[in-house]
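The structure appears right after this line, and notes come after that.
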Amino acid sequence: MSDKDQSQFKEMLDAGVHFGHLTRKWNPNMAPYIFDEKKGIHIIDLNKTSAKLDEACKAIRQVAKSGKKILFVATKKQAKAILDEKIKPTGMPYITERWSGGMLTNFATVRKAIRKMSSIDKMQQDGTFDTLSKRERLQIQRQRDKLEKTLGGIAELTRLPAAIFIVDIHKEHIALAEAKKLNITTFGMVDTNSDPTKVEFPIPSNDDASKSIAVILDKVSNAIMEGMDERKASKDKAAAQEKKDAEKKEADKKAAAEKKAADKKAADKKAAEAKKADEKKGEDKKAESTEKAS
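Just so we're aligned: the sequence shown equals residues 904 to 1197 in the working numbering.
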């Protein structure tokens, strides 16, 4: 095990990522990821967790590098603050309040609600809001606050996400079902009471403890930032190459123009010299004729 793997293993161990649910609540499909059972609680194999986390992060990094969005869903009370801290800075959309049925499968309606929120913001900015009665302003503000609470985290989501990351796929089964129906790539923290086969990239882990959630999301957010940095570096490199190509094209164009001008000048000089030679030849011939006539 490398130093990096040992460090990650210890970090997960300290955060309690290995603690599963009561053995009587287990899902048999989690058997490959269970290391042991202690005092009636299943213990998750952190070596398997580490491998699956690395696999998920690699895929997440590629999604971020492509410039696409990953929707994060975590409506557990202990996960909300962690999403604000770890995921919000990445610019990825997230849901921390109750999942509204159809949020993905009926996305067009969700977008209408988001546009409504934007129109209220515009009213407040252009002064229209101030022309309304106190009662109307109160009603509209309440509507705005309600929309912000449920949709604020996805206000910038203009199209369906390329992937979805779920904290506790058992609790968020509706969100998972909608994502699968739309063939959206699925990632998730999967505890011993959940079915890992329902997610494309399962991360066997304790999805109840805040420290465990924080450790996993920290790795995930780092993968997102790495992907975004790679995308920026790639775009910067492409822009630099484009600039270099444009400068070379301009230099070649200038060189061609200068060569053309030089060739023309040389041709003009040659023509002038030929003309002068012809004129001299004519004068010499005329002088010779005059001399003979004398």
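All residues carry an ideal CB built from backbone N, CA and C; glycine is no exception.
In the displayed model, glutamate 1103 falls within coil according to three-state DSSP, outside both helix and strand. The count of Cβ pairs closer than 8 Å, one atom from the stretch 1004 to 1017 and one from the stretch 1141 to 1159, stays below three, leaving the stretches out of contact. Beyond the five residues adjoining it in sequence on each side, glutamate 1103 comes within less than 8 Å, by CB distance, of Thr1088, Thr1089, Phe1090 in the same chain, given in chain order.
Runs of the alpha helix (DSSP H) lying entirely within the stretch 1152 to 1180 and spanning at least 4 residues: none are present. Your pair valine 976 and alanine 1078 checks out as a contact, with CB atoms roughly 5 Å apart and the cut at 8 Å. Distance between lysine 1025 and alanine 1065, taken at the CA atoms: about 29 Å.
Fully contained in the stretch 958 to 994 are the following beta strand (DSSP E) runs of length 3 or more, in chain order: 973 to 976.
Counting of Cβ neighbours within 10 angstroms places aspartate 987 among the exposed residues, the total staying below 16. Looking at the backbone, the Cα of glutamate 1150 and that of alanine 1175 are separated by about 37 Å. Glutamate 1039 counts as exposed, since fewer than 16 other C-beta atoms from the protein chains shown sit within 10 angstroms of its C-beta.
Taking a 10 Å sphere around the C-beta of leucine 974, we find 16 or more other C-beta atoms and assign the residue as buried. For the 8 Å CB-CB criterion, proline 1105 and lysine 907 do not form a contact. Counting C-beta pairs closer than 8 Å gives fewer than three between the stretch 984 to 999 and the stretch 943 to 963, which falls short of the contact rule. Take the alpha-carbon of threonine 1053 and the one of lysine 1122: they are about 26 Å apart.
DSSP, reduced to helix, strand and coil, places methionine 1006 outside both helices and strands of the structure shown, so it counts as coil. Residue state for aspartate 948 is assigned as coil, using DSSP reduced to three classes. By the C-beta density criterion, alanine 959 is buried, having at least 16 other C-beta atoms within 10 angstroms. Beta bridge pairing from DSSP links tyrosine 997 with Phe975.
Three or more pairs of CB atoms, one per stretch, sit closer than 8 Å, so the stretch 994 to 1001 contacts the stretch 1057 to 1075.
In this structure, alanine 1126 and valine 1070 do not form a Cβ contact; the two beta carbons are roughly 16 Å apart against a cut-off of 8 Å.
For histidine 1076, there is no enclosing beta strand (DSSP E); the residue is found in the alpha helix (DSSP H) stretching over 1076 to 1084.
Leucine 1035 counts as exposed, since fewer than 16 other beta carbons sit within 10 angstroms of its beta carbon. By the Cβ criterion, the stretch 921 to 932 is in contact with the stretch 1094 to 1102, since at least three pairs of Cβ atoms, one from each stretch, lie closer than 8 Å. Here the C-alpha atom of aspartate 1139 lies approximately 10 Å from the C-alpha atom of glutamate 1133.
As computed with DSSP, alanine 954 is found in no beta bridge at all. By the Cβ-count criterion, aspartate 1111 is buried, with 16 or more other Cβ atoms from all chains shown falling within 10 Å of its own Cβ. Look at leucine 1035 here: in three-state DSSP terms it is coil, with no helix or strand label.
Around the beta-carbon of alanine 1141, fewer than 16 other beta-carbon atoms lie within 10 Å, marking it exposed. A distance below 8 Å separates the beta carbons of methionine 915 and valine 1118.
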